[in-house]
Amino acid sequence: MKAKSDFPSINERQPEGISAEGKAYRVLIVDDSMFVAKQISQILTSEGFEIVDTAYDGEEAVEKYKELYPRIDLVTMDITMPKMDGVTSLEKILEFDNEARVIMISALGKQDLVKKSLMIGAKNYIVKPLDRKKVLERIVMVLKQRS
Amino acid sequence: MRVEYINPFVEAAFSVLKEVLGTEISRGELYLKSSSQPMLGTTAIVGLTGDVEGRVLFDMSLQTALAIASTMNGEEFKSFDDLAKATISELANMITAQAVTKLHDLGFKFDLTPPALFTGENMEVLDTDVEALIVPIDMPLGKIEINVAVRERN
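Protein chains in written order, with our numbering: chain W, 23 to 169; chain S, 1110 to 1263.
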């Protein structure tokens, strides 16, 4: 006879976006492409994450991070953006909160900037095109590092 | 124009389109053009500057652009609105970024401009002093012509 634990329990799986305390992780999405912002938002909300805001350039990202702090768990940060690029924005956010969890979203071909971001203190990176599995894997990995 | 500039764009287009659209793709016959050419109506342009300079166009009909945006967003677009435009720009961005990575690996160094999108009827493009190579990509959703005009900087 098979025990209940032999079957995958799809229905009982805790959504990835909910913390051990039962609260939704709060995410700020930073991307100048409306398409990419929407794509990330759809992937994350489907797993129970709460998208608290979206910023369309690096400057707006810093402002919004300061507004939302400390009620923010994670930032997804595009690299190439108008006004202020993602690497500078990352630096400014870390100056304000050195425990900020920022994940870089990069097109292929930006390895140098990704490397620089990781040296500065980005927690991880995701290379576009984005897919659900890749996005969730990296984000969950970063969120679990602290808890 | 040396074919080694072109292959990375074709390979990148194949791999990105396959990944984001999950569809069958085949390549039509390549051809060269040095005179003014008609455009299909919805065109993303990315500029290149560095060891090689020029531009790449991703050219398609409005109908194809809408079909691609619909597939990539998982919702049907009736008009070419801001989200549909952002989707096509991002597609151009991803293909070009992947192609450039391949070209960097071959030792060419240059930068890209962010993609710009043109739409309209009866548009034509003319490149002076550099011929354009056109790679038609056929998919069930429609046709994209990748139009590459680049040269080595002297």
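In this text, a Cβ means the ideal position worked out from N, Cα and C, and glycines have one as well. Predicted model, so just to flag it, every value in this text is computed and none were measured.
Spatial distance of residue i from residue j (CA atoms)
i         : j         : result
Asp1220/S : Thr1158/S : 5 Å
Gln1146/S : Arg93/W   : 55 Å
Asp54/W   : Ser1188/S : 21 Å
Ser1179/S : Thr1151/S : 15 Å
Ala1208/S : Lys137/W  : 20 Å
Asp79/W   : Gly1163/S : 28 Å
Lys156/W  : Asp1238/S : 44 Å
Leu1175/S : Thr1205/S : 20 Å
Lys1211/S : Glu1254/S : 20 Å
Arg35/W   : Glu69/W   : 11 Å
Gln64/W   : Met1148/S : 34 Å
Met126/W  : Ser1144/S : 43 Å
Glu1185/S : Ala1193/S : 10 Å
Exposure of residue i, with buried meaning 16 or more beta-carbon neighbours within 10 Å
i         : result
Gly1183/S : exposed
Phe174/W  : Shown here, chain W extends from 23 to 169; a query on residue 174/W therefore has no answer.
Asn1231/S : exposed
Leu66/W   : buried
Tyr87/W   : buried
Ala42/W   : exposed
Gly108/W  : buried
Gly44/W   : exposed
Met56/W   : buried
Thr1222/S : exposed
Limits of the unbroken alpha helix (DSSP H) element including residue i
i         : result
Asp75/W   : That residue, Asp75/W, is in no alpha helix (DSSP H); its beta strand (DSSP E) goes 72-77.
Pro1117/S : 1112-1130
Lys138/W  : 133-142
Ser128/W  : From DSSP, Ser128/W is part of no alpha helix (DSSP H) but of the beta strand (DSSP E) over 124-128.
Same chain, Cβ closer than 8 Å to residue i, five either side skipped, listed in chain order
i         : result
Arg1136/S : Val1119, Phe1123, Val1244, Pro1245, Ile1246, Asp1247
Gly1132/S : The residue you asked about is not Gly; residue 1132/S is Thr in the sequence shown. Taken in chain order, the residues that qualify are Leu1126, Thr1180, Met1248, Pro1249, Leu1250.
Glu1113/S : Leu1215
Tyr91/W   : Phe118, Asp119
Element boundaries [beta strand (DSSP E), containing residue i]
i         : result
Ile1154/S : 1151-1159
Thr1228/S : 1225-1228
Val97/W   : 96-100
Cβ-based neighbour list, residue i, same chain, cut-off 6 Å, excluding 5 preceding and 5 following
i         : result
Val1257/S : Ile1115, Phe1118, Val1165, Leu1242
Pro1224/S : Ala1153, Val1155, Ser1198, Ala1201, Asn1202
His1213/S : none
Spatial neighbours of residue i in its chain, beta-carbon cut-off 7 Å, leaving aside the 5 residues before and after
i         : result
Gln1172/S : Gly1251
Gln61/W   : Leu152
Ala77/W   : Leu50, Val52, Ala83, Lys86
Phe71/W   : Gly39, Ala46, Tyr47, Val49
Pro104/W  : Asp54, Asp79
Chain S contacts from the region 137-159 of chain W (Cβ-Cβ distance under 7 Å):
Lys150, Pro151
Below 9 Å between beta carbons is the criterion; list the residues of the region 1185-1210 of chain S that meet it against any residue of chain W, in chain order.
Asp1191, Leu1192, Ala1193, Lys1194, Ala1195, Thr1196, Ile1197, Ser1198, Glu1199, Leu1200, Asn1202, Met1203, Thr1205, Ala1206, Gln1207, Ala1208, Val1209, Thr1210
Proximal residues, the region 1120-1131 of chain S versus chain W, C-beta separation under 7 Å
Val1125, Glu1128, Val1129
Near-chain W residues of the region 1213-1230 of chain S - C-beta to any C-beta below 9 Å:
His1213, Leu1221, Pro1223
Going along the chain, which residues of the region 72-106 of chain W sit with their C-beta nearer than 8 Å to a C-beta in chain S?
Thr102
Selection of the region 115-131 of chain W by Cβ proximity to chain S, strictly under 9 Å:
Ser128, Ala129, Leu130, Gly131
If the cut-off is 9 Å on Cβ atoms, which residues from the region 38-62 of chain W count as contacting chain S, listed in chain order?
Asp54, Ser55, Met56, Phe57, Val58, Ala59, Lys60, Gln61
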